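Heads up: the sequence lines are chains L and Z, in that order.
According to this note's numbering, the first sequence is numbered sequentially starting from 1.
According to this note's numbering, the second sequence is numbered sequentially starting from 1.
Each remark here refers to the structure printed beneath this line.
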Amino acid sequence: MKRGPFLLGALSGLTVVANADHVFARALADTPLPGLPGADNRVLLLINLQGGNDGLNCVVPHGDPTYYQVRQNIAVAPSDVLHIDARVGLNPRMTAFKKLYDKNMVAIVQGVGYPAPDHSHFRSTEIWQTAVPDRYEHTGWLGRYLDGANLPADNLFNAIALAQVLPEVLVAQKTDVPSVAALAGYGLVSDRNAAARRTYSELVADNRFPFQSPYLAHVAEIEDHAQRGSEELPKLIAGYTSDAAYPATPLGRSLALAAQIVGSRSGTRVLYIQHGSFDTHVSQRGTQDRLLGEFSDAIAAFYGDLAAHGNDTRVLTMTFSEFGRRIASNASGGTDHGEASPLFLIGGGVKGGLYGTTPDLGGVQTNMGNLKYTTDFRSVYATVIERWLGRPSAPVLFGNYPQIGGLIS
Amino acid sequence: MAAGLHRPTGQLDVTTALVPYAGPWNERAASHLMRRAGFGATPGELHRMLTRSMQQTVDDLIHFPPADASPPGELVDLQTLLAQGPLRGLDADTRRQRLMGFRMEERRSILALQHWWLNRMLVTPAPLQEKMTFLLHGHFTTAAIQKNVTPALIYQQNQLYRDNALGNLRDLTLVVSKDPAMLLYLDNARSSKAHPNENYARELMELFTLGRGNYSEEDVRQSARAFTGWTINRATQQFVQNPRLHDDGVKTFLGRTGNFDGSDIVTVIYQQPACSAFWATTLLNWFVYNDPEPQLVDAVAHLLEKNDYQLAPVLSVLLRSNVFFSERAYRALVKSPAEFVVGTYKAFGMPEIDPSAVRAMAQMGQVLFYPPNVAGWPGGAAWLTSQMMIARQNFVAGLVNSAAMQQSPWLSALPRSAGQAAGVLLQTILQGDVPQQSFAQLASYLDGSAESALGTLSPENFELRVRGGAYLAMAMPAYQLN
Chain L
1 MKRGPFLLGA LSGLTVVANA DHVFARALAD TPLPGLPGAD NRVLLLINLQ
51 GGNDGLNCVV PHGDPTYYQV RQNIAVAPSD VLHIDARVGL NPRMTAFKKL
101 YDKNMVAIVQ GVGYPAPDHS HFRSTEIWQT AVPDRYEHTG WLGRYLDGAN
151 LPADNLFNAI ALAQVLPEVL VAQKTDVPSV AALAGYGLVS DRNAAARRTY
201 SELVADNRFP FQSPYLAHVA EIEDHAQRGS EELPKLIAGY TSDAAYPATP
251 LGRSLALAAQ IVGSRSGTRV LYIQHGSFDT HVSQRGTQDR LLGEFSDAIA
301 AFYGDLAAHG NDTRVLTMTF SEFGRRIASN ASGGTDHGEA SPLFLIGGGV
351 KGGLYGTTPD LGGVQTNMGN LKYTTDFRSV YATVIERWLG RPSAPVLFGN
401 YPQIGGLIS
Chain Z
1 MAAGLHRPTG QLDVTTALVP YAGPWNERAA SHLMRRAGFG ATPGELHRML
51 TRSMQQTVDD LIHFPPADAS PPGELVDLQT LLAQGPLRGL DADTRRQRLM
101 GFRMEERRSI LALQHWWLNR MLVTPAPLQE KMTFLLHGHF TTAAIQKNVT
151 PALIYQQNQL YRDNALGNLR DLTLVVSKDP AMLLYLDNAR SSKAHPNENY
201 ARELMELFTL GRGNYSEEDV RQSARAFTGW TINRATQQFV QNPRLHDDGV
251 KTFLGRTGNF DGSDIVTVIY QQPACSAFWA TTLLNWFVYN DPEPQLVDAV
301 AHLLEKNDYQ LAPVLSVLLR SNVFFSERAY RALVKSPAEF VVGTYKAFGM
351 PEIDPSAVRA MAQMGQVLFY PPNVAGWPGG AAWLTSQMMI ARQNFVAGLV
401 NSAAMQQSPW LSALPRSAGQ AAGVLLQTIL QGDVPQQSFA QLASYLDGSA
451 ESALGTLSPE NFELRVRGGA YLAMAMPAYQ LN
């Protein structure tokens with residue numbers, strides 16, 4: 001394993017890596033891969049709108065009379081909708097996001113889902129994150145991308161989950177992705193002085209343990225990442241200054257850190273953030289409107305910050321949610337678990353506008369009160385993998401899915 | 001490495017797996033038992049166990065005396081809010097202030113409960129009861145404060161798990177189905193014949209008893225009908241069956257047809273072979289090792305059925321079995337934050353957990369009474385992220401540098417010889433589960449000889465070095481493993 005040389009290099013500060021593999025890996029990292037688009041410094045930011053974002057009160061079909069019939073207690077009044085066209089518009093709290101849309105920075109893909117949808121949060125979240133609906137798969141689609149992408153093997157930060165728990169989408173075979181919920185918590189306390197650090201590196205350099213455990217190698221690797229990562233990350237992202245005003249929300253704080261990472265020398269290509277919970281079985285308007293407002297304000301601040309540092313075209317943001325919600329509202333002013341919903345792509349490379357088929361609520365696109373999908377989410381993933389990350393999508397998605405034309409230039 | 005649950009390498013011998021273990025009964029075996037059946041053991045507790053046999057020790061774990069578990073002072077319930085007078089007629093600002101005040105009270109209550117439970121895990125004379133309570137809390141999940149689950153109700157639920165910790169799983173499932181916190185958390189309290197809510201019915205089968213693939217969507221709908229009318233009385237906050245909300249029509253559920261109510265549903269569920277397999281897997285994952293072989297699951301499922309889902313006789317077999325004490329099971333689980341924190345206080349032999357441990361545990365990813373979702377804490381490799389590892393090591397650093405360390409009876413009494421001190425540290429904290437040269441490396445750290453060039457340690461600060469040595473031992477890979 002690769003832990004030995006790291007520990008020597010990072011801990012003693014003396015032995016600056018007399019290790020040929022390491023030097024080679026560094027050199028390789030500085031060399032662009034020829035012939036592939038996306039082999040430069042592009043970043044994909046994935047935002048999980050966790051809990052099941054209700055698509056119909058997010059991208060509101062204000063031109064569809066059925067919407068107002070079946071959602072009397074929670075419908076967004078036509079005059080409140082931020083009109084995109086005569087059929088759909090955005091939730092009234094998404095004014096900042098609407099401005100990005102009007103600048104052609106936002107693509108809305110409508111009616112996204114997958115065959116035989118599962119209504120369980122856990123299973124459907126797993127399906128969106130593994131991109132495998134019909135069997136249990138342990139690796140995530142971005143984990144498989146990372147495993148195959150020839151990114152610098154010695155860089156701990158090729159991908160970072162800005163979350164406390166590593167999401168399934170970043171679970172890989174060969175790549176261990178750090179999760180960093182907040183920079184303040186991502187550091188070993190200072191009393192881990194040089195003496196303790198050195199002894200620690202000696203202690204863990206030996207792996208001849210008098211017992212076996214299916215988790216032993218993983219623990220050792222993670223402990224190494226904890227030590228090395230907490231020392232390296234603050235240095236890598238130091239020196240970044242920004243006067244962007246982010247909203248004082250968890251998403252705002254995460255996106256501020258994301259902008260700093262993008263603007264640093266960490267070489268990060270993939271970021272993950274979670275926002276929610278959108279599981280609005282009761283009193284949906286209060287909760288979902290607030291969450292969408294937080295999303296809209298934070299994303300606007302993020303792209304403002306990125307633009308001020310010349311990074312806005314480097315970052316493609318994509319949202320997803322495990323499912324949309326039931327077409328009709330329930331008696332509690334909420335909606336139950338449903339099926340298809342829209343997702344957003346923002347920023348780098350995106351050609352703004354509406355994609356996919358606008359749902360027809362009274363028509364044939366329904367399945368027992370749920371919206372049938374018209375675009376397979378793996379088509380969106382395939383487009384992002386091929387057009388933005390510059391990798392073949394078939395090995396990542398275990399098959400070929402048609403790309404969405406024009407979505408990413 | 002992929003997340004999830006991982007099975008140890010090597011072969012299972014299913015024919016001898018559940019036969020009582022006859023190997024050596026020593027510190028290593030006793031520590032293993034207490035890490036699994038409890039939250040670790042103090043050096044004094046281990047010493048006492050070794051004066052008895054393995055069989056007697058397991059008997060003590062199973063047949064524990066009833067223990068007082070009164071709550072930590074007054075807990076906030078709805079009456080606390082109502083006692084302040086009616087909300088009606090108040091202007092919007094006053095009303096908001098009163099509700100905000102109530103929320104603050106709730107949070108204080110929950111913090112007190114979290115701290116209370118951690119200390120209970122530490123000092124209970126019935127560790128297995130508390131360990132099962134902790135399993136059931138993450139299994140039949142309910143989160144406090146959301147959906148009007150007040151601190152008083154979450155304590156009531158916690159006590160219910162404690163009362164049934166080694167009881168009958170079928171009976172427990174029925175009382176959980178009537179538990180006010182559960183009725184609120186999974187929305188059955190608002191389920192009616194006109195609008196059946198499927199949330200509880202689905203999770204009852206998916207996460208609590210059968211697992212996916214062992215029921216149909218139609219079974220979810222039909223059982224949701226059977227549970228309609230199981231709700232809570234708003235004034236007393238306790239379970240009631242409301243006949244006006246109940247659907248008393250005929251339902252067909254898992255192949256049976258009848259005018260079922262919730263208790264019939266539970267009965268039918270516990271007749272399914274998938275149910276015993278589901279619980280066998282749950283118990284094996286919790287006590288023995290992850291992703292157990294189907295043959296081992298079958299053997300334990302058979303044991304559950306034979307004992308009519310009584311936990312005490314099943315755990316009595318499991319905790320003294322060959323497979324439980326096997327090398328394959330040894331250190332084969334990842335410690336949860338609660339096990340890590342409580343186990344650390346146990347290892348030092350300290351009498352009381354500091355309230356700051358609650359916040360430290362949040363950074364490790366576990367907040368008692370707030371499971372991340374209805375599926376509970378995923379466990380296994382999900383506990384192994386660099387962020388969580390940093391939080392674990394920082395917790396230990398904070399603890400070893402606190403004044404409370406003087407309460408550790410053995411740490412301040414360590415031998416002055418660095419070599420002997422290193423031996424005691426690695427034996428007491430890790431049962432010697434380290435590479436052989438760790439002893440010399442730690443001794444060299446303790447006597448400061450390794451650091452002469454850096455000059456950070458001097459022979460005078462023995463105590464500081466001992467604390468640093470304890471910190472280093474607890475940063476070793478084995479210490480993350482149960």
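Note that beta-carbon positions come from the ideal geometry of N, C-alpha and C, so glycine has one too.
In this text the structure is predicted, and so the values were computed from the model without any measurement.
- Nearest to Z/His-32 by alpha-carbon distance, out of Z/Leu-411, Z/Val-334, Z/Gly-365, is Z/Val-334.
- Inclusion of Z/Gln-114 and Z/Arg-320 in the CB contact set at 8 Å is not warranted, their separation being larger than that value.
- In the pairwise beta carbon analysis, the stretch 366-377 of chain L is classified as touching the stretch 109-120 of chain L: at least three pairs are separated by under 8 Å.
- In this structure, L/Leu-188 places its C-beta atom within 8 Å of the C-beta atom of Z/Ile-390.
- Within chain L, no residue has its CB atom less than 7 Å from the CB of Z/Met-182, the nearest being about 16 Å off.
- Using a CB distance below 9 Å, the part of the stretch 331-353 of chain Z facing chain L consists of Arg-331, Ala-332, Leu-333, Val-334, ordered along the chain.
- The beta carbon of Z/Ala-478 falls within 8 Å of a beta carbon belonging to chain L, placing the residue at that interface.
- If you check the CB distance, Z/Leu-135 and Z/Gly-380 do not come in under 8 Å.
- Residue-level contact check: Z/Met-389 touches chain L, since one or more beta carbons of chain L fall below 8 Å from its beta carbon.
- According to the DSSP assignment, Z/Ser-438 belongs to the alpha helix (DSSP H) that extends over 438-447.
- Assigned with DSSP and collapsed to three states, L/His-275 falls in strand.
- Taking a 10 Å sphere around the C-beta of Z/Met-350, we find 16 or more other C-beta atoms and assign the residue as buried.
- In the three-state DSSP reduction, L/Asp-376 falls in the strand class (E or B).
- With the criterion set as a beta carbon lying under 8 Å from some beta carbon of chain Z, the members of the stretch 191-215 of chain L are Asp-191, Arg-192, Asn-193, Ala-194, Ala-195, Ala-196, Arg-198, Thr-199, Tyr-200, Glu-202, Leu-203, Val-204, Asp-206, Asn-207, Arg-208, Phe-209, Pro-210, Phe-211, Gln-212, Ser-213, Pro-214, Tyr-215, in sequence order.
- Nearest neighbour of Z/Pro-378 by Cα position, chosen from L/Ala-149, L/Pro-167, L/Glu-137, L/Ser-124, turns out to be L/Pro-167.
- Contact annotation for L/Val-219 against chain Z: Leu-384, Pro-477, Gln-480, Leu-481 [CB-CB distance below 7 Å, chain order].
- In terms of Cβ geometry, Z/Ile-154 and Z/Phe-324 do not form a close pair [threshold 8 Å].
- If you check the CB distance, Z/Leu-128 and Z/Ile-62 come in under 8 Å.
- Around Z/Val-396, the same chain offers Tyr-471, Met-474 as residues with beta carbons nearer than 6 Å, after the five sequence neighbours per side are excluded.
- The continuous stretches of beta strand (DSSP E) do not include Z/Gln-97, which lies in the alpha helix (DSSP H) extending over residues 92-123.
- Nearest to L/Asp-118 by alpha-carbon distance, out of L/Pro-359, L/His-337, L/Pro-392, is L/His-337.
- Considering only L/Gly-143, L/Val-282, L/Ser-179, the residue with the shortest C-alpha distance to Z/Gln-146 is L/Val-282.
- Using a Cβ-Cβ cut-off of 9 Å, L/Pro-178 is close to Thr-385, Ser-386, Gln-387 of chain Z, given in chain order.
- By the neighbour-count definition (other C-beta atoms within 10 Å, threshold 16), L/Glu-137 is a buried residue.
- Not flagged as an interface residue toward chain Z: L/Ser-283, since no C-beta distance is shorter than 8 Å.
- For L/Val-350, the secondary structure class from DSSP, reduced to helix, strand or coil, is strand.
- Around the C-beta of Z/Asp-13, fewer than 16 other C-beta atoms lie within 10 Å, and the residue is accordingly described as exposed.
- Neighbours of Z/Asp-433 in chain L, taken as residues whose beta carbon is under 9 Å from its own, are Phe-209, Pro-210, Phe-211 in chain order.
- Per DSSP, L/Leu-44 is one residue of the beta strand (DSSP E) stretching across 43-50.
- For the pair L/Ile-237 and L/Ser-266, the CB atoms are nearer than the 8 Å cut-off.
- Counting other Cβ atoms within 10 Å of its Cβ, Z/Ala-403 stays below 16 and is therefore classed as exposed.
- A residue is called buried when at least 16 other Cβ atoms come within 10 angstroms of its Cβ; L/Arg-135 does not meet this threshold and is exposed.
- Under the three-state reduction of DSSP, Z/Tyr-471 is assigned to helix.
- Rounded to whole angstroms, the gap between the alpha carbons of L/Asn-41 and Z/Asp-433 is 44 Å.
- Z/Gly-468 has a beta carbon lying within less than 8 Å of a beta carbon in chain L.
- Within 7 Å of the CB of L/Phe-122, the CB atoms of chain Z belong to Ala-375, in sequence order along the chain.
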